[in-house]
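Colleague: Please read through the structure below; I'll follow up with questions.
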Amino acid sequence: MPQFAATRKDLLVPVCTATKTMRLQRILLTILLAAVALQILYYYPLLPETVASHFGAAGRPNGWSSKEQFFGIYLGVLALLLVSFAGAPTLLRRISPEWINLPNREYWLAPERRARSIAILGEEMLSFGNATIGLIICAIQLAIQANLSESTRLANPAMWVLLAVYFLYAIFWTIRLYRKFPKKG
Numbered sequence: 004m005p006q007f008a009a010t011r012k013d014l015l016v017p018v019c020t021a022t023k024t025m026r027l028q029r030i031l032l033t034i035l036l037a038a039v040a041l042q043i044l045y046y047y048p049l050l051p052e053t054v055a056s057h058f059g060a061a062g063r064p065n066g067w068s069s070k071e072q073f074f075g076i077y078l079g080v081l082a083l084l085l086v087s088f089a090g091a092p093t094l095l096r097r098i099s100p101e102w103i104n105l106p107n108r109e110y111w112l113a114p115e116r117r118a119r120s121i122a123i124l125g126e127e128m129l130s131f132g133n134a135t136i137g138l139i140i141c142a143i144q145l146a147i148q149a150n151l152s153e154s155t156r157l158a159n160p161a162m163w164v165l166l167a168v169y170f171l172y173a174i175f176w177t178i179r180l181y182r183k184f185p186k187k188g
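Under this note's numbering, the first residue of the sequence shown carries the number 4, and numbering increases by one thereafter.
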């Protein structure tokens, strides 16, 4: 028999639903990390030894590095994101509730609701992390394509569209998160 976590209508779902959502987020994360591996394995041999690694607002390169540094920084940033977002549920379970910024924190982090609330926060953090990793993968792909082109220019409109989509997702994610934890329980 499933356990139910809270008295609020949209939190009256079996705890196993949180596990199912988290499992889907982890599958998506695995797919994203596989895409990173394939991206590096495919493009590393195709790139020149020195690559444009930073681009100005107009899409012109203004920073250069070796391809080893380029991919090393890429992997380092991804590792930091992975630890930050995938490790959030573990951290949230271990820290004091006073360090968690949540509307009506006392209500949502009361002992009878804490596990479910932390599970929801963990799902949401992993979801946001997946979106952020997706953004990084796409931005790196644009940089790779620029380095493989004759002009070595970033596809500027594509980057701005990518950033706009990510910004809209961040707004949607924030609203969704706040709706899951209203000020009144």
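Every residue gets a Cβ at the ideal spot worked out from N, C-alpha and C, and that includes glycine. In this text the structure is predicted, and so the values were computed from the model without any measurement.
Tell me Ala-55's beta-bridge partners as DSSP assigns them.
Modeller: Taking the first residue of the sequence shown as position 1, residue 55 is located at position 52. In DSSP, Ala-55 forms a bridge with Trp-67.
Colleague: Just the Cα atoms here: how many angstroms apart are Ala-122 and Leu-85?
Modeller: Residue mapping note: residue 122 aligns to position 119 of the sequence shown, counting from 1. Residue mapping note: residue 85 aligns to position 82 of the sequence shown, counting from 1. One C-alpha to the other measures close to 17 Å.
Colleague: Rounded to a whole number of angstroms, what is the C-alpha to C-alpha distance between Leu-180 and Ala-38?
Modeller: Translated into positions along the sequence shown, residue 180 becomes position 177. Translated into positions along the sequence shown, residue 38 becomes position 35. So the two alpha carbons sit approximately 28 Å from each other.
Colleague: Roughly how many whole angstroms lie between the Cα atoms of Gly-137 and Thr-53?
Modeller: Counting from 1 along the sequence shown, the entry for residue 137 is found at position 134. Counting from 1 along the sequence shown, the entry for residue 53 is found at position 50. Cα-Cα distance, rounded: 25 Å.
Colleague: Hey, Gly-125 and Pro-92: beta-carbon distance below 8 Å or not?
Modeller: On the sequence shown, residue 125 is found 122 positions in, with the first residue counted as 1. On the sequence shown, residue 92 is found 89 positions in, with the first residue counted as 1. A contact, by the Cβ cut-off of 8 Å.
Colleague: For Thr-155, name the three-state secondary structure that DSSP assigns.
Modeller: Your numbering for residue 155 matches position 152 in the sequence shown. Correct three-state label for Thr-155: coil.
Colleague: Leaving aside the five residues before and after Phe-74 along the sequence, list all residues of the same chain whose C-beta is less than 7 Å from its C-beta, in chain order.
Modeller: Here residue 74 refers to the residue found at position 71 when the sequence shown is read from its first residue. Correct list, in chain order: Ile-43 and Tyr-47.
Colleague: Compute the Euclidean distance between the alpha carbons of Ala-89 and Leu-157, then round it to the nearest angstrom.
Modeller: Working through the sequence shown from its first residue, we reach residue 89 at position 86. Working through the sequence shown from its first residue, we reach residue 157 at position 154. If I take the Cα positions, the gap works out to 30 Å.
Colleague: Spatial neighbours of Asp-13 within its chain, please: CB distance less than 6 Å, with the 5 preceding and 5 following residues excluded, ordered by chain position.
Modeller: Against the sequence shown, residue 13 aligns to sequence position 10. Because Asp-13 carries a pLDDT of 44, less than 50, the predicted location of this residue cannot be relied on, and no value is offered for it.
Colleague: Can the beta-carbon of Ala-118 be found closer than 8 Å to that of Tyr-169?
Modeller: Residue mapping note: residue 118 aligns to position 115 of the sequence shown, counting from 1. Residue mapping note: residue 169 aligns to position 166 of the sequence shown, counting from 1. In this structure, Tyr-169 does not lie closer than 8 Å to Ala-118 by Cβ.
Colleague: Give the single residue among Ala-61, Glu-153 and Ala-161 whose Cα lies nearest to the Cα of Ala-142.
Modeller: Here residue 142 is taken as the residue at index 139 of the sequence shown, counted from 1. With distances taken between Cα atoms, Ala-142 lies closest to Ala-161.
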